[in-house]
Amino acid sequence: MKAVIAGVTGAVGSAIARELARDNTVPHPPTGQPEAAAIPLDGIAKRPRQRPPLASSGGWAVAGLSRNPPKRPIAGVEYVRTDLADTDRCRRALDGHGDATHLFYCARATHREQTLEDAATNLALLDNVLSAAERGPLRHVHLVQGGKVYGVHVGPFPTPAREDDPRAPIENFNYDQEDLLRRRSEGRPWTWSASRPNTLLHFSPAIARNLVSSLGAYAAICRELGCALDFPGPEGAYRSLTQVTSIELLARAAAWMATEPECANQAFNVTNGDVFRWCRLWPRIAEAFGMACGSVRPLRLAAAMQGREAVWERVRERYGLAPRSLAEVANWGYLDATLERTWDEILSTAKARSFGFHDWADSEERLLALIGEYRAAKILP
Ligand SMILES: NC(=O)c1ccc[n+]([C@@H]2O[C@H](COP(=O)([O-])OP(=O)(O)OC[C@H]3O[C@@H](n4cnc5c(N)ncnc54)[C@H](OP(=O)(O)O)[C@@H]3O)[C@@H](O)[C@H]2O)c1
Numbered sequence: 023m024k025a026v027i028a029g030v031t032g033a034v035g036s037a038i039a040r041e042l043a044r045d046n047t048v049p050h051p052p053t054g055q056p057e058a059a060a061i062p063l064d065g066i067a068k069r070p071r072q073r074p075p076l077a078s079s080g081g082w083a084v085a086g087l088s089r090n091p092p093k094r095p096i097a098g099v100e101y102v103r104t105d106l107a108d109t110d111r112c113r114r115a116l117d118g119h120g121d122a123t124h125l126f127y128c129a130r131a132t133h134r135e136q137t138l139e140d141a142a143t144n145l146a147l148l149d150n151v152l153s154a155a156e157r158g159p160l161r162h163v164h165l166v167q168g169g170k171v172y173g174v175h176v177g178p179f180p181t182p183a184r185e186d187d188p189r190a191p192i193e194n195f196n197y198d199q200e201d202l203l204r205r206r207s208e209g210r211p212w213t214w215s216a217s218r219p220n221t222l223l224h225f226s227p228a229i230a231r232n233l234v235s236s237l238g239a240y241a242a243i244c245r246e247l248g249c250a251l252d253f254p255g256p257e258g259a260y261r262s263l264t265q266v267t268s269i270e271l272l273a274r275a276a277a278w279m280a281t282e283p284e285c286a287n288q289a290f291n292v293t294n295g296d297v298f299r300w301c302r303l304w305p306r307i308a309e310a311f312g313m314a315c316g317s318v319r320p321l322r323l324a325a326a327m328q329g330r331e332a333v334w335e336r337v338r339e340r341y342g343l344a345p346r347s348l349a350e351v352a353n354w355g356y357l358d359a360t361l362e363r364t365w366d367e368i369l370s371t372a373k374a375r376s377f378g379f380h381d382w383a384d385s386e387e388r389l390l391a392l393i394g395e396y397r398a399a400k401i402l403p
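For the sequence shown, the numbering used here assigns the number 23 to the initial residue and increments by one for each residue that follows.
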């Protein structure tokens, strides 16, 4: 099997690349034999489950597409630079990978935070790479979508959201891309699947658009200024129920969907399976940074953190951190958008479970463990 990952250097693309390339080196139990339960060292607990049958029968060759080279290349991945917006370059990039059987689509057109992501541009990127991949023995296309399918970013929505819920009447590139796959796959030799994670938890030192590193930079700046750790979103966001997705879990789910025949032509929500409230977790985050937990103090961090580079430099020097600017560690607009939702964000995982995917993770523990990982990497104090 050969996987082509479009958007391989992004948060999701690199996680899927790591999962598939790892499959080449980790010995698998014979097909049909469940894995032993793993100790959740990383806060992600695995229940015994069947390995995807294809993955266990031979592993993956992995090629990845992006415009820029990877900052942290993953062993076992062949990186190919191309612009998915350019039809000819896209075809040429895949000329050397005409044996690709699976396309994992994780690209995302560059966009500004808290603006509408352009549907036509995003649709064209998928269309181009799909047309190029279809010339070979393509068997499956996996599309990574997100909670935005349910309008989690717009306002309250029916919860727990289920995969067959009616769409929200909003412009949404996720809808256009899914419709393209539904239409195009008819009568063709390939099937499709789609994963719908919510806000992602991940360790990605090269990507500032990250909940954990942005939160950690905010905490470090507040501590340096002698402030308590206030919650910068509104009261409703502090108290509502929310859900996140550990990126390793998403990657495993994507590999499962792409290789489990019953998942063909289906979409699945993928979250950690638990829920949490920031008001419960916030004091634990304050404790992790050795600072007092403050109160709810709504701020627009994109504005409030302007000009804080000098404070960050002081933090860096004091704690001997890696030479990373504040802009490389924190994305304030993203943090604002994540912490401003006053409504419950819950996606039902019943469908994936009923189809056989049982992985789950403890979100609070995972987030705290990730703070530890950023610290160990000397990115956060
Ligand atoms: N991040 C989250 O918290 C989150 C949560 C839920 C769902 N999702 C969904 O997951 C999917 C992937 O998101 P992400 O956050 O992983 O994206 P991301 O980190 O922004 O990565 C985007 C990837 O696409 C590549 N790319 C963009 N334009 C390209 C072009 N014209 N040609 C070739 N490559 C191009 C980028 O590389 P270059 O810039 O080098 O080209 C990068 O590898 C999206 O559908 C998103 O909605 C994300």
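The C-beta atom is built at its ideal place from N, Cα and C for all residues, glycine as well.
Would the C-beta of Thr21 count as close to ligand 1, meaning under 6 Å from any of its heavy atoms?
Shown here, the chain extends from 23 to 403; a query on residue 21 therefore has no answer.
Going along the chain, which residues of its own chain have a beta-carbon closer than 8 Å to the beta-carbon of Ala39, five neighbours each way excluded?
Ile27, Val30, Val84, Gly86, Ile96 and Val99
Taking the straight line between their C-alpha atoms, what separation do you get for Tyr15 and Arg205?
Residue 15 cannot be examined here, being either before or after the span of the chain that is shown, 23 to 403.
How many Å lie between Arg94 and Ala228 at the Cα?
8 Å
Let's test the definition: count the other Cβ atoms within 10 Å of the Cβ of His133 and tell me whether it reaches 16, buried, or not, exposed.
exposed
8 Å contact criterion, which Asp187 and Tyr172 should meet: CB distance rounded
6 Å
In whole angstroms, what is the alpha-carbon distance linking Leu323 and Ser385?
24 Å
Just checking my contact of Arg89 with Arg103 at CB under 8 Å: how many whole Å lie between their CB atoms?
6 Å
Cβ neighbour criterion (16 or more within 10 Å) applied to Gln136:
exposed
Residue range of the beta strand (DSSP E) that Arg103 falls in?
Val99 to Arg103
In three-state DSSP terms, what is Ala183?
strand
Under 6 Å: does the beta carbon of Cys112 sit that close to some heavy atom of ligand 2?
Within the structure as shown, ligand 2 is missing, the only ligands being ligand 1.
I need the straight-line Cα distance from Thr53 to Gly342, nearest angstrom please.
Here the model assigns Thr53 a pLDDT of 34, short of 50, so the residue's position is not dependable, and the following value carries that caveat. Each residue's alpha carbon lies about 48 Å from the other.
So what does DSSP say about Asp252, is it helix, strand or coil?
strand
Pair within 7 Å by beta-carbon distance, Val10 and Phe253
As shown, the chain starts at 23 and ends at 403. That puts residue 10 outside it, with no answer to give.
7 Å Cβ shell around Gln288 - same chain, five flanking residues per side excluded
Ser215
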